[in-house]
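In what follows, a structure is listed as structure tokens, so that the remarks can point back to it.
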Amino acid sequence: MKKLIAFTLTICAFNAFADNCVYNCPTGQPGQTITRSIYTLNNNAQTKFANWVAYHVTPSTIDGPSRSRNWKADPSINSANTLEPNDYSGAWATIGTDRGHQVPLASFSNTADWQMLNYLSNITPQDSDLNQGPWVDLENAVRDVVRTGQDVYVVSGPLYEWYFATLPEADESHSIPSGYFKVVITDVNGWVEASAFILEQNAARSDNFCATEVTVNEVESRTGLNIMPSLPSYKENAVEGGLGGLTAALGC
């Protein structure tokens with residue numbers, strides 16, 4: 000009986016974790032995949048940042064109390080393959096970057112595991128104007144959709160298309176992203192809609208994220224990822240090949 004109970008709990012936990020991704024987690028980039036209760040990420044040992052993160056925002060995960068930003072190295076990643084808090088020393092003063100969450104803290108402030116979002120595997124040096132401007136506006140727009148009662152899946156990650164900067168105090172080699180993608184997805188009884196965005200590190204704080212919409216196909220082409228690898232082939236062109244899937248819902 001004890002073995003049966005343990006097996007059942009394991010299956011339940013796996014199903015909950017698997018729910019971070021819709022139509023399976025992205026493929027196409029090598030790295031260490033870590034699955035947690037509120038997100039799944041794939042860490043790149045060379046760049047020291049996640050190739051992608053995937054998460055599922057629901058009405059029950061948002062609108063919790065204000066949460067602190069207590070940065071920590073990810074305990075599940077070898078120290079040679081990720082950054083530590085001291086690596087970010089002087090970053091804002093020198094290169095104008097914030098510690099930018101890839102999975103936003105506010106989207107899981109009402110969960111017990113919110114502190115996992117402050118692991119540096121979920122952080123990149125993000126230009127302050129981008130982080131506090133169109134990037135957070137897009138994250139807020141996602142939560143506004145969720146407040147209507149609609150669950151939303153998101154896959155987000157970096158682009159490395161031009162040199163942006165280097166952390167001045169980091170004692171490990173790393174590559175700061177030149178920009179970021181975010182793919183926002185809904186799945187209502189098999190009816191899939193998606194909108195994708197690419198925002199550059201040199202964005203102005205006043206920029207409108209709506210103007211950065213691209214197709215999911217473009218994100219895949221520029222990152223080498225397959226965002227939804229088990230999406231049925233007959234849905235791919237409609238979902239991944241066009242614009243406007245969720246832009247109206249996101250306020251565009």
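Under numbering that gives the first Met the number 0, think of the first position of the sequence shown as 0, with each following residue one higher.
A virtual CB, placed ideally from N, CA and C, is assigned to each residue, including glycine.
In this text the structure is predicted, and so the values were computed from the model without any measurement.
Beta-carbon proximity check, residue i vs residue j, cutoff 8 Å
i      : j      : result
Ile37  : Asp150 : no
Asp270 : Leu119 : With the chain running from 0 to 251 in the structure shown, residue 270 is simply not present.
Ile175 : Thr93  : no
Ser127 : Gly95  : yes
Val102 : Tyr159 : no
Leu129 : Gln28  : no
Backbone CA spacing between residue i and residue j [nearest angstrom]
i      : j      : result
Thr32  : Thr222 : 17 Å
His173 : Thr165 : 8 Å
Leu40  : Val215 : 19 Å
Met227 : Tyr22  : 5 Å
Leu3   : Lys234 : In this prediction, Leu3 scores a pLDDT of 35, lower than 50, which makes its location untrustworthy; the coordinate-derived value is nonetheless stated afterwards. Whole-angstrom Cα-Cα distance: 39 Å.
Leu108 : Asp62  : As written in the sequence, residue 108 is Ser, which differs from the Leu given in the question. Their Cα atoms are separated by approximately 6 Å.
Phe13  : Gln114 : Model confidence at Phe13 stands at a pLDDT of 36, short of 50, so the residue's coordinates are unreliable and nothing is read from them.
Pro58  : Asn77  : 34 Å
Gln125 : Glu219 : 21 Å
Arg142 : Ala237 : 24 Å
Trp161 : Val144 : 33 Å
Close-in-space but distant-in-sequence residues of the same chain around residue i (CB under 6 Å, 5 per side omitted)
i      : result
Gly244 : Glu192, Ala193, Ser194
Asn43  : Gly30, Asn50
Arg35  : Met115
Val52  : Tyr38, Leu40, Gln101, Val102, Ser155
Sequence-distant residues of its chain with Cβ nearer than 8 Å to residue i (five each side left out)
i      : result
Cys209 : Thr246, Leu249, Gly250, Cys251
Thr26  : Leu224, Asn225, Pro228
Identified DSSP bridge partners for residue i
i      : result
Ser194 : Val183
Leu40  : Ile33, Val52
Asp173 : Contrary to the premise, residue 173 reads as His rather than Asp in this sequence. Its beta-bridge partners do not exist; DSSP assigns none.
Leu158 : Gly178
Ile122 : His100
Asn225 : Thr26
Please confirm if the segment 73-93 is in contact with the segment 160-172, defined as three or more CB-CB distances below 8 Å between the two stretches.
yes
Specify whether the segment 182-194 and the segment 151-158 touch according to this definition: at least 3 beta carbon pairs, one from each stretch, less than 8 Å apart.
In this structure the segment 182-194 touches the segment 151-158; the number of beta carbon pairs closer than 8 Å is three or more.
Do three or more CB pairs link the segment 132-144 to the segment 35-50 at distances below 8 Å?
No: the two stretches stay apart, fewer than three of their Cβ pairs being nearer than 8 Å.
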